[in-house]
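Residue numbers (the working numbering), protein chains in the order written: chain A, 1 to 153; chain B, 1 to 153. What follows is one structure encoded as structure tokens, with my remarks underneath.
There are 2 protein chains.
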Amino acid sequence: MRKLQIVQSKGARHEAIRRLLQAERIGTQEGLCRALAREGFRVTQATLSRDLQQLGAVRVGGLYELPPASPAAARLQEVGDLVVSFAENDLLVVLRTQPGAAPAVASAIDAARLPGCLGTLAGDDTIFATPVRGVAVRKLSRKLRNLFGRELS
Amino acid sequence: MRKLQIVQSKGARHEAIRRLLQAERIGTQEGLCRALAREGFRVTQATLSRDLQQLGAVRVGGLYELPPASPAAARLQEVGDLVVSFAENDLLVVLRTQPGAAPAVASAIDAARLPGCLGTLAGDDTIFATPVRGVAVRKLSRKLRNLFGRELS
DNA sequence: CGACGCATTGCATAAATATGCGACTTCATG
DNA sequence: CATGAAGTCGCATATTTATGCAATGCGTCG
């Protein structure tokens with residue numbers, strides 16, 4: 001039997017990685033691994049290899065660098081708190097937001113230009129989002145959840 | 001005894017690498033190695049590792065990409081043909097150019113902001129270049145030769 | 001609750017990249 | 001011509017990164 005894994009920390013870990021790469025001169029995944037360990041994240045090099053790819057980090061001159069986080073992504077993080085719940089049917093993903101916040105959130109989603117998102121329509125506290133043909137509503141729903149990086153009903 | 005090496009091709013090879021990386025999707029140094037071989041460049045992965053570093057290439061998403069060649073470097077290549085000869089004494093590097101071309105060449109050199117180059121002064125077909133304190137005139141001369149990528153008297 | 005889909009992770013290892021060292025060339029100099 | 005400094009390169013290998021696979025956790029749905 002292999003060691004139990006404590007899944008569940010990717011979001012926070014990615015944030016930490018961003019911070020660390022900017023603050024320190026980190027040149028290897030092993031080094032990043034040690035730095036993260038100091039902050040309480042215990043993961044292996046394999047995981048970091050995947051994380052760095054997902055973050056779009058690039059190794060240049062023996063040092064890891066991050067492409068500036070897209071403004072769109074930053075905005076999504078900001079408005080994430082305004083989202084109250086997710087739901088979906090066969091056709092649409094339906095997001096509920098705090099009163100009046102729907103337009104702001106929908107605009108942030110649009111700006112992010114998700115590959116699978118055909119369009120959004122915002123009311124006052126409700127957003128309809130519809131996937132491009134061929135993408136399952138489920139899939140889009142998951143993507144949106146991940147974007148806001150939170151667990152919702 | 002090890003195999004004889006046919007030194008002497010870095011400049012052209014670097015050009016070829018630039019071209020190939022832009023034209024094809026190349027994801028490994030081995031792949032680049034094969035592509036170069038098709039063009040007649042026979043070098044090993046080790047050499048390419050060094051070349052790519054020198055070119056500032058970056059591997060992102062499993063593909064090699066080049067940072068856009070600095071305008072300064074491009075300009076240097078352009079004016080390189082106008083340079084006729086190099087010479088040096090204890091104090092200065094002296095470049096001769098085609099008549100009237102000195103200012104253009106000097107300006108390109110200045111724009112390149114060589115770390116070892118304190119300043120240049122251009123006449124009509126003659127340029128004086130002087131190194132920063134601590135850098136040998138010899139050193140600066142070599143750097144300039146390399147920049148123009150040609151063999152001159 | 002049980003089954004299923006999917007995401008996350010570690011482990012082991014494959015794949016890829018970087019580098020120490022010596023060979024060789026080219027220039028320039030005594 | 002001998003000598004020496006600088007630059008380029010291949011080889012062998014060390015270092016670093018990527019990945020196939022299986023285990024586990026989480027959410028959903030019947």
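Positions of the beta carbon are idealized from the N, C-alpha and C atoms, including for glycine.
Q.
Please report the straight-line C-alpha distance between A/Ala23 and A/Glu39, rounded to a whole angstrom.
A. 14 Å
Q. So, is the C-beta of B/Val137 closer than 8 Å to a C-beta in chain A?
A. no
Q | Inter-residue spacing [alpha-carbon to alpha-carbon] between B/Leu55 and A/Ser141 | A | Straight across, the Cα-Cα distance linking B/Leu55 with A/Ser141 is about 42 Å.
Q) Looking at the unbroken beta strand (DSSP E) that takes in B/Ser85, where does it start and where does it end? A) Val83 to Glu88
Q: Tell me, please, whether the CB atom of A/Val105 is closer than 8 Å to any CB atom in chain B?
A: Answer no: the Cβ-Cβ gap between A/Val105 and chain B never drops below 8 Å.
Q | Neighbourhood of A/Gly31 by C-beta distance below 8 Å, restricted to the same chain and skipping five residues each side | A | Short of 8 Å from the beta carbon of A/Gly31, and not among the five residues preceding or following it, lies no beta carbon of its own chain.
Q: Alpha carbon to alpha carbon, how far is B/Asn89 from B/Ala108? Give it in angstroms, no decimals.
A: Straight through space, the alpha carbons of B/Asn89 and B/Ala108 are spaced by roughly 22 Å.
Q: Look up B/Ala74 in the DSSP assignment and say whether it is helix, strand or coil.
A: Shown here, B/Ala74 sits in a helix according to DSSP, grouped into three states.
Q | Check whether A/Arg67 and A/Val60 have beta carbons under 8 Å apart | A | Checking the sequence, you will find Pro at residue 67 of chain A rather than Arg. Going by C-beta atoms, A/Pro67 is not nearer than 8 Å to A/Val60.
**Q.** Listed by chain order, chain A residues near B/Val60 by CB distance under 8 Å
**A.** B/Val60 reaches chain A at Gly56 and Val58, counting residues in chain order whose Cβ is nearer than 8 Å.
(Q) For B/Thr120, would you say it is in contact with chain A, using Cβ-to-Cβ distances shorter than 8 Å as the test? (A) no
Q) So what does DSSP say about B/Lys3, is it helix, strand or coil? A) At B/Lys3 the pLDDT is 43, less than 50, meaning the model places this residue with poor confidence; the figure from the coordinates comes in the next sentence. Looking at B/Lys3 - three-state DSSP - the assignment turns out to be coil, as it is neither helix nor strand.
**Q.** Boundaries of the beta strand (DSSP E) in which B/Val60 is found, first to last residue
**A.** Val58 to Val60
Q) If you draw a straight line from the alpha carbon of B/Ser49 to that of B/Phe41, how long is it in whole angstroms? A) 15 Å
Q.
Using 8 Å for Cβ pairs, my map puts A/Val94 next to A/Phe148. What's the rounded Cβ distance?
A. Contact flag wrong, Cβ pair sits at about 14 Å.
Q | Nearest-angstrom Cα separation, counted from B/Val43 out to A/Ala112 | A | 43 Å
Q: With DSSP as the reference, label A/Arg96 as helix, strand or coil.
A: strand
Q | Runs of alpha helix (DSSP H) wholly within the stretch 116-149 of chain A (minimum 4 residues, chain order) | A | 137-148
Q) Are the beta-carbon atoms of A/Gly11 and A/Gly62 separated by less than 8 Å? A) no
Q: Give the DSSP-derived three-state secondary structure of A/Leu36 in the structure shown.
A: helix
Q: Give me the Cα-Cα distance between A/Gln29 and A/Ala46, rounded to the nearest whole angstrom.
A: Using only the alpha carbons, I get a separation of about 9 Å.
Q) How many angstroms separate the CA atom of A/His14 from the CA atom of B/Arg25? A) 29 Å
Q. By DSSP, does B/Glu24 sit in helix, in strand, or in coil?
A. coil
Q. On the three-state DSSP scale, how would you describe B/Leu48?
A. helix
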